[in-house]
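Visitor: Note that the protein sequences, when read in sequence, are chains W and E. Residues in the first sequence are numbered from 161 upward in steps of one, following the numbering used here. Residues in the second sequence are numbered from 45 upward in steps of one, following the numbering used here. For glycine and all other residues, C-beta sits at the position ideal for the given N, C-alpha and C. Everything numeric in this text was worked out from a predicted model, so none of it was measured. The structure is given below, and queries will be raised subsequently.
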Amino acid sequence: MAEKKIKILVGKPGLDGHDVGAKVVVRALMDAGFEVVYTGLRKTPSEIAQQALEEDVDVIGLSSLAGSHILFCKKLKGLIDQYGLKEKLWLIGGCVPKPDHAELKKIGLDGIFPNGSKLSDIVDFINENAAKKEDA
Amino acid sequence: MDGSSGDAKKVFNESGIEIQPVYGPEDVEESGGIEFIGEPGEYPFTRGIHSEMYRKRPWTMRQYAGFGNPVDTNKRFKFLIETGNTGLNVAFDLPTQTGLDTDNVLAEGEVGRVGMAIDSMRDMEIAFDGIDLEKITVSLTINGSAAILIAMYLAMAEKRGYDIKKLRGTAQNDILKEFIGRGTWIFPVDASVKLVGDTIEYCAEHAPKYSPVSVCGYHIRESGCNPAEEMAYAFCIAKAYAHEVMKRGLDVDEFAGRLSYNINSFGNIFEQVAKYRAGRGLWAKIVKEDLKAKDPKSMWLRMIAGGGGGGLTYEQPELNIVRGAYYALISALAGTQTMALCSFDEAYTIPTEYSARISLRTMQMLTHEMGLCETVDPMAGSYYMETLTNQMRTKMEELMAEVDAEGGIVEMVRDGRVQAKVSKQAYDMQLNIDSGEFPKVGVNCFRIDEEEEREVEFHSYNTKDAELQNESLKKIRASRDQGAVDKCLAQLKADAKDGKNVMPALVEAVKVYATVGEMTDTMVEIYGRYEEPIRF
């Protein structure tokens with residue numbers, strides 16, 4: 161049986177315009193054989209949740225470098241529950257300092273990849289966990 | 045000189061120029077000689093735009109700052125001036141940068157976070173209260189909403205009694221690079237370039253000492269470009285603005301002398317210094333030969349340099365203090381007019397007072413302890429430096445010709461070609477860092493235990509500042525003359541619709557306390573909003 165490709169949404173939440181990292185990650189994920197949808201800049205929580213639903217992705221990844229990640233993730237969490245996207249693997253990367261990690265995990269983030277993370281670690285994490293979470 | 049030694053591996057700099065083990069006079073000759081080097085203060089200004097450079101006056105020290113509401117920022121500005129900064133480099137929050145008022149739902153959680161919040165000219169009055177705008181030159185790091193913020197700054201200064209004909213200062217206002225990296229665009233590409241033209245045209249007439257645009261190679265480099273491309277793209281962008289203004293009938297000598305540059309300093313020390321020297325010569329040549337300027341001042345590449353956030357690391361953050369010192373050294377050797385360093389905590393947070401002071405002290409060490417102000421262009425005459433300067437200039441010219449052949453920078457930005465090219469290079473670089481091919485100390489070599497690594501004091505974000513800002517916005521809306529605001533916004537809309545320069549209408553609107561969001565929305569009605577091309 162042909163295996164279905166893992167599909168990933170890479171989103172840029174809020175007003176933050178730093179997209180170098182997000183685009184680098186998009187390319188790395190495409191090269192790793194995943195199907196990737198990039199949202200572009202300045203998306204609201206509802207735009208990201210809506211796109212995740214419409215594109216029927218397996219993974220939702222956010223890239224945030226301007227400090228507003230906790231509030232954004234809290235808002236997105238409500239929509240993820242509402243849209244029935246709870247089984248999707250949920251990741252965040254960027255300028256996400258360590259003191260915030262516990263709270264992000266509590267909100268429901270599965271993986272946190274602060275700047276300095278290796279691209280191959282992100283790819284490996286998705287390969288290991290995407291299917292597992294959806295089956296759970 | 046034959047620098048080969050058997051099967052030794054070839055070495056290239058980031059711009060793709062092969063580096064020899066040894067250089068001699070014949071290499072300088074072969075690369076173009078010293079004809080283009082000239083003398084400091086003389087065309088083509090490769091050695092510096094002034095004959096005496098720092099002997100006469102050291103570079104301006106202008107750390108990037110601003111957060112919370114204008115009251116907090118005013119305090120930080122005063123702290124920076126007290127500790128020895130000679131200029132201010134103003135950071136705005138993202139709502140201000142993207143044309144949103146504090147009470148816009150999209151601004152929630154972002155007010156005052158990465159810079160200061162400005163809704164109306166009242167905020168500008170508070171932020172600069174008690175600061176002598178003739179002594180301290182102010183640089184506004186603003187792009188998408190730059191026309192509005194420039195109007196506010198000029199109107200505020202005028203209200204305080206300054207003669208704006210003599211007022212100095214800078215706005216970043218380089219929108220084309222925002223589409224490539226940094227991302228605070230608002231209007232579509234053509235309308236955005238038109239607005240930059242409006243500010244240049246307006247300032248040429250009303251505020252001739254003010255620098256309305258600082259063309260940023262900086263962020264293009266941060267987005268993935270190599271140093272030669274950084275300069276080539278920046279020059280293409282500057283030419284695009286110049287053409288926009290010249291097609292309105294302005295003579296190049298009426299505005300070119302007020303264009304300035306913001307250039308990145310991270311990377312190989314020699315390549316960087318050569319880049320600045322080569323760029324200075326090439327820009328002079330472009331302005332003289334292509335744009336037909338006659339006034340030598342029009343040909344000066346004036347710049348702010350010293351930053352290089354892309355070179356700083358999340359790992360072992362204190363090493364960034366050392367990196368920052370090298371970037372400062374590069375920028376001083378390169379003859380910058382103004383310097384701003386990234387603080388060592390750049391990868392974590394906006395600077396604290398502590399980290400901002402270390403950056404300032406780093407610059408002061410160069411001016412006071414290390415002899416960087418004693419002689420002009422100290423790297424001149426090195427066989428390596430002169431050869432590399434020639435080669436970098438040739439490389440930049442080739443890259444500019446490529447952009448022209450592809451239809452020009454505006455076209456390439458519009459359809460996302462530059463963005464895709466630059467982000468591909470950022471990806472390739474990341475792969476090289478991940479693999480260790482491109483060594484980065486503390487990241488892919490000489491790492492230490494993770495637990496020891498990450499100890500950084502954070503600038504704390506205070507949600508109370510946003511509440512206060514919201515209240516003050518409410519007060520402004522309640523107390524201003526709404527009839528006058530409506531009239532000014534109607535005039536702005538009419539002028540935008542008729543294709544007129546919108547600056548006069550913006551200046552009138554800010555004076556009656558129209559808000560950033562109101563003026564932006566009015567212009568969006570005519571110009572529309574930019575839609576980002578997604579291209580990989």
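Just the chain E side, please: which residues come within less than 8 Å of ASN275 of chain W by C-beta, in chain order?
Guide: Ordered by position in chain E, the residues that pass the 8 Å Cβ test against ASN275 of chain W are TYR358 and ALA391.
Visitor: Excluding five sequence neighbours on each side, which residues of the same chain lie with their C-beta closer than 6 Å to the C-beta of GLY174 of chain W?
Guide: Excluding sequence neighbours, GLY174 of chain W sits near SER228 and PHE232.
Visitor: Hey, does PHE89 of chain E have any beta-carbon neighbour from chain W nearer than 8 Å?
Guide: Not one chain W Cβ lies under 8 Å of PHE89 of chain E.
Visitor: Please report the distance separating the alpha-carbon of GLY188 of chain E from that of ALA52 of chain E.
Guide: Going by the C-alpha atoms only, they are around 50 Å apart.
Visitor: Just grab the DSSP bridge partners of ILE168 of chain W for me.
Guide: The partner list for ILE168 of chain W (beta bridge, DSSP) reads W:VAL196 and W:VAL219.
Visitor: Here's a check: name, in chain order, each residue in its chain whose Cβ is nearer than 6 Å to the Cβ of ALA284 of chain E, leaving out the five neighbours to either side.
Guide: Result list for ALA284 of chain E: ILE453 and VAL454, in chain order.
Visitor: Do LYS329 of chain E and PRO88 of chain E come within 8 Å of each other at the CB atom, strictly closer than that value?
Guide: It is a contact, given that the beta carbons lie within the stated cut-off.
Visitor: Would you say ARG226 of chain E reaches chain W, if we count a Cβ-Cβ gap shorter than 8 Å as a contact?
Guide: It does: the Cβ of ARG226 of chain E has a partner Cβ on chain W nearer than 8 Å.
Visitor: What is the DSSP secondary structure of PRO173 of chain W, reduced to helix, strand or coil?
Guide: Of the three classes helix, strand and coil, the one that applies to PRO173 of chain W here is strand, per DSSP.
Visitor: Spell out a yes or no on whether the segment 57-73 of chain E and the segment 413-423 of chain E are touching, meaning 3 or more CB-CB pairs, one atom from each, closer than 8 Å.
Guide: Because the criterion of three Cβ pairs below 8 Å is not met, the segment 57-73 of chain E and the segment 413-423 of chain E do not touch.
Visitor: Report yes or no: do three or more beta-carbon pairs, one from the segment 88-102 of chain E and one from the segment 418-426 of chain E, lie closer than 8 Å?
Guide: Verdict: yes, contact present.
Visitor: So with CB distances below 7 Å, who are the chain E contacts of ASP179 of chain W?
Guide: Ordered by position in chain E, the residues that pass the 7 Å Cβ test against ASP179 of chain W are GLY227.
Visitor: Considering Cα atoms alone, identify which of W:ALA291, W:LYS292, W:ILE286 and W:HIS178 is closest to ALA192 of chain W.
Guide: Of W:ALA291, W:LYS292, W:ILE286 and W:HIS178, the residue nearest in Cα terms is W:ILE286.
Visitor: Just to check my reading of the structure: VAL240 of chain E and VAL457 of chain E have Cβ atoms closer than 8 Å, yes? What is that Cβ distance to the nearest angstrom?
Guide: No, VAL240 of chain E and VAL457 of chain E are not in contact; Cβ-Cβ is about 13 Å, not under 8 Å.
Visitor: Can THR117 of chain E and MET160 of chain E be called in contact, C-beta distance under 8 Å?
Guide: Yes, these two residues count as a Cβ contact at 8 Å.
Visitor: With a threshold of 8 Å between beta-carbons, can ARG458 of chain E be considered close to chain W, or not?
Guide: Cβ-Cβ to chain W under 8 Å: no for ARG458 of chain E.
Visitor: Against ALA291 of chain W, what residues of chain E qualify as contacts under a CB-to-CB distance less than 9 Å, listed in chain order?
Guide: Under the 9 Å cutoff, chain E gives no residues; its nearest Cβ is about 25 Å from ALA291 of chain W.
Visitor: Sorted by chain position, which residues of the same chain lie with C-beta nearer than 8 Å to LEU264 of chain W's C-beta, five sequence neighbours on each side aside?
Guide: Answer for LEU264 of chain W: HIS229, ILE230, CYS233, ILE252, VAL256 and ILE272, listed in chain order.
Visitor: Run through chain E and tell me which residues come within less than 7 Å of SER223 of chain W, C-beta to C-beta.
Guide: Simply none; closest approach about 12 Å.
Visitor: Excluding the 5 residues preceding and the 5 following LYS439 of chain E in the sequence, name in chain order all residues of the same chain whose CB lies nearer than 6 Å to its CB.
Guide: SER59 and ALA272.
Visitor: Just the C-alpha distance for ALA151 of chain E and MET407 of chain E, rounded to the nearest angstrom, thanks.
Guide: When rounded, the distance between both Cα atoms is 36 Å.
Visitor: Just checking my contact of ASP167 of chain E with PRO102 of chain E at CB under 8 Å: how many whole Å lie between their CB atoms?
Guide: About 32 Å; that fails the 8 Å criterion.
Visitor: Kindly provide the ranges of any alpha helix (DSSP H) runs that are 4 or more residues long and lie completely inside the segment 416-482 of chain E, ordered along the chain.
Guide: Whole alpha helix (DSSP H) segments, 4+ residues: 427-449, 453-458 and 461-479.
Visitor: Report back the beta-carbon spacing between VAL155 of chain E and ALA470 of chain E to the nearest angstrom; my notes put them in contact at under 8 Å.
Guide: Wrong, their Cβ atoms sit about 30 Å apart, outside the cutoff.
Visitor: For a test of the three-state rule: what should DSSP assign to GLU501 of chain E, helix, strand or coil?
Guide: DSSP places GLU501 of chain E in coil when its eight states are reduced to three.
Visitor: Go to ILE281 of chain E, then tell me how far its alpha helix (DSSP H) extends in each direction, as first and last residue.
Guide: 271-290 is the extent of the alpha helix (DSSP H) around ILE281 of chain E.
Visitor: Just the C-alpha distance for LYS508 of chain E and ASN364 of chain E, rounded to the nearest angstrom, thanks.
Guide: Cα-Cα distance, rounded: 31 Å.
Visitor: Please confirm whether MET124 of chain E has its beta-carbon closer than 8 Å to some beta-carbon of chain W.
Guide: For the record, residue 124 of chain E in the displayed sequence is Leu; it is not Met. It does not: the Cβ of LEU124 of chain E has no partner Cβ on chain W nearer than 8 Å.
Visitor: Assuming SER403 of chain E contacts GLN64 of chain E (C-beta within less than 8 Å), just tell me the rounded distance between them.
Guide: So it is not a contact: roughly 35 Å between Cβ atoms.
Visitor: Would you say SER206 of chain W lies against chain E (beta-carbon separation less than 8 Å)?
Guide: It does not: the Cβ of SER206 of chain W has no partner Cβ on chain E nearer than 8 Å.
Visitor: Against chain E, does ALA192 of chain W count as a neighbour if the rule is that its beta carbon must be under 8 Å from one of theirs?
Guide: Chain E contact via Cβ: absent.
Visitor: State the DSSP-derived secondary structure class of GLN64 of chain E, mapped to helix, strand or coil.
Guide: If DSSP states are grouped into helix, strand and coil, GLN64 of chain E belongs with coil.
Visitor: Does TRP250 of chain W come out as helix, strand or coil in the three-state DSSP assignment?
Guide: Residue state, collapsed to three classes: strand.
Visitor: Mind reading off the beta-carbon distance from ALA384 of chain E to ASN217 of chain E? Whole number of angstroms is fine, and I expect it under 8 Å.
Guide: ALA384 of chain E to ASN217 of chain E, Cβ: 17 Å. No contact.
Visitor: I need the DSSP call for GLY261 of chain E, collapsed to helix, strand or coil.
Guide: Looking at GLY261 of chain E - three-state DSSP - the assignment turns out to be helix.
Visitor: Could you please give the first and the last residue of the uninterrupted beta strand (DSSP E) stretch that includes THR566 of chain E?
Guide: Looking at the DSSP string, THR566 of chain E is not in any beta strand (DSSP E); the run it does join, the alpha helix (DSSP H), is 560-571.
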